[in-house]
Amino acid sequence: MNRHAWLKSSIALAVTLAASGVNANGLSINEQSASGMGTGFAGRSSSAEDASTLFGNPAGMSRLDRTEISGGFATIFAETDIDNAQGFAAGSNDGDMVPNAVVPFGYLVTPLNDRWHAGIGIYAPFGVISDYEDAFQGRTHGLYSKVQVVTLQPTLSYQINDRVSVGFGPTINRISGKLTSQPLAALGSNAEVNIKGDDTGYGFNAGVLVQVTDQVRWGLTYHSAIEFGLEGRTRFSGFGTFPGLDGSYDAALDITMPESVDTSITWEMDDRWTLYAGGTWTRWSRLDAIEVENGGLLAPYQPTFGTIEEDMQWDDVVSWAVGAAYQLNPQWVLRAGFTVDPSPTNDTHRTVRVPVSDRKVFSLGAGWDVTPDLTLDFAYSYLRESEGEINYADYSADFRNSAHGLATQATWRF
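Per the working numbering, the very first residue in the sequence shown carries number 29; after that it's consecutive.
Now the structure itself:
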């Protein structure tokens with residue numbers, strides 16, 4: 029077994045940002061709006077239906093006539109099937125490694141005058157909780173992962189004229205995480221590596237919304253890259269065969285979450301039907317490799333474990349989605365969507381911490397205007413991934429992921 033492999037997988041904290049989200053691939057999650065989820069986020073940059081447009085396209089705030097508060101959450105039920113597993117370590121491959129997760133979000137948007145709107149939003153752009161069984165055969169490369177990223181976004185939009193609006197909002201992003209692995213499992217040892225780290229990173233979201241005709245809107249949104257410099261502790265325990273290694277050490281990791289560009293079209297065909305189509309480009313090639321620095325190690329271990337590089341070799345991807353909404357009556361609107369989201373990784377570089385493959389997502393949703401001042405939105409999505417291979421020197425298996433997502437959202441206007 030490569031003596032570096034266990035530490036590479038263990039202290040690369042950022043790679044544990046696996047997508048437990050129902051719609052987005054790579055490290056992202058998409059659950060920032062129940063109204064958008066119903067159409068598979070096909071019109072995210074152009075629909076501007078409620079205050080959640082603050083994330084989808086900040087320029088869309090200009091379409092809101094009154095102060096709005098939108099808030100809700102999505103619950104994700106994920107499943108993983110593991111087949112054809114082989115490895116040096118003894119163990120099991122149950123595959124039930126993603127606990128049920130809840131993703132909350134909330135937004136406030138208010139008009140300042142005829143041209144300016146202001147808003148603030150809080151949401152989760154990245155996050156994961158993965159927990160393999162204690163005897164997982166691939167625990168050399170990952171056993172437990174928990175990462176949470178929370179973003180706060182104050183935002184302004186400006187209505188240039190009757191057709192064009194723009195919006196901008198800086199983002200304040202807080203990341204924290206913990207992960208564990210058992211790097212000597214192939215030798216029958218329960219020695220464990222435990223990593224904790226956190227940081228605050230800054231970025232921005234900007235968008236433009238154009239009313240092309242009375243029935244057609246086009247939107248473009250840019251989500252900037254976010255640089256994180258995580259600092260925390262690496263704790264080694266149970267490494268009796270490595271004298272002086274057990275203990276806690278400073279750990280530092282620099283990583284950049286990639287920028288993305290989202291564009292979509294909303295076509296209000298008539299009083300009943302609205303169609304959506306959109307695509308998102310994400311620069312996942314930023315995750316070419318991840319380098320972790322450990323300080324305070326004793327001299328015998330410093331040359332080997334002081335700096336560790338995790339090879340990722342991810343590729344840029346373009347996902348796309350189509351959707352439709354049908355106004356059943358003045359109170360109810362029905363939604364549906366279909367999303368295709370390629371994986372940034374492949375059978376050569378896929379890891380047990382991020383075992384994602386190409387995705388297809390089917391979505392349904394509904395909106396209910398309870399009163400002119402209160403709307404409730406509901407959405408359901410089903411995600412199915414293609415089978416993907418894990419190919420380490422000491423562990424290999426076929427992974428297939430699926431997930432169900434339920435979201436609800438309430439919007440108050442006053």
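Glycine included, each C-beta is placed from N, C-alpha and C at the ideal position.
Here Glu-337 is near Ile-318, since their CB atoms are less than 9 angstroms apart.
Taking the CA atoms as reference points, Ala-425 sits about 43 angstroms from Ala-79.
In its chain, beyond the 5 residues on either side, Tyr-354, Gln-355 have a beta carbon closer than 7 angstroms to the beta carbon of Arg-300.
Considered as a whole, the stretch 92-147 harbours 96-115, 129-139 as its complete beta strand (DSSP E) runs of no fewer than 3 residues, in chain order.
The criterion of a C-beta distance shorter than 9 angstroms is satisfied by Gly-324 and Tyr-277. Nearest C-alpha to Ser-98 among Gly-393, Asp-405, Arg-428, Phe-366: Asp-405. Within its own chain, the residues whose Cβ lies closer than 6 angstroms to the Cβ of Tyr-160, once the five positions on either side in sequence are excluded, are Met-125, Leu-171, listed in chain order.
About 6 angstroms separates the beta carbon of Ser-204 from that of Gln-176, a gap short enough to meet the 8 angstroms contact definition. Taking the Cα positions, Asn-233 is about 13 angstroms away from Gly-147.
Counting along the chain, Met-285 sits inside the beta strand (DSSP E) bounded by residues 275-285. DSSP, reduced to helix, strand and coil, places Gln-330 within a helical segment of the structure shown. Ala-431 sits buried, since 16 or more C-beta atoms from the chains shown fall within 10 Å of its C-beta. In the DSSP assignment, Ala-62 falls within the alpha helix (DSSP H) that extends over 62-65.
From the listed residues Ile-110, Leu-136, Lys-388, the smallest Cα separation to Phe-164 is found for Ile-110. Relative to Asn-222, the option among Gly-260, Leu-92, Val-194 whose CA is nearest is Gly-260.
The criterion of a C-beta distance shorter than 9 angstroms is satisfied by Glu-220 and Gly-266.
In the structure shown, Ser-90 falls within a helical segment according to DSSP collapsed to helix, strand and coil. Apart from sequence neighbours up to five positions away, the residues of its chain that approach Thr-228 with a beta-carbon distance below 6 angstroms are Arg-202, ordered along the chain. Contact check for Arg-167 against Ala-213 passes: the beta carbons are separated by less than 9 angstroms. In this structure, Gly-306 and Ala-349 form a Cβ contact; the two beta carbons are roughly 6 angstroms apart against a cut-off of 8 angstroms. Rounded to the nearest whole angstrom, the C-alpha separation of Asp-93 and Phe-154 is 31 angstroms. With respect to Val-240, Arg-191 sits close: the two C-beta atoms are nearer than 9 angstroms. In this structure, the CA atom of Met-340 is about 16 angstroms from the CA atom of Thr-310. Distances from the alpha-carbon of Ala-70 to those of Lys-388, Gly-134, Leu-303, Pro-383 put Leu-303 closest. Of the candidates Ser-292, Gly-272, Asp-316, Glu-296, the residue whose Cα lies closest to the Cα of Pro-328 is Gly-272. Per DSSP, the unbroken alpha helix (DSSP H) holding Gly-84 starts and ends at 81-84. The C-beta of Thr-249 has 16 or more other C-beta atoms within 10 Å across all chains shown, which makes the residue buried. Nearest C-alpha to Thr-439 among Thr-67, Gly-115, Leu-184, Gly-134: Gly-134. Rounded to whole angstroms, Leu-136 and Val-236 show a C-alpha spacing of 19 angstroms. One thing to note: Asp-401 has its Cβ no nearer than 9 angstroms to the Cβ of Trp-360. In the structure shown, the three-state DSSP call for Trp-342 is coil. For Gln-181, the enclosing beta strand (DSSP E) begins and ends at 172-187.
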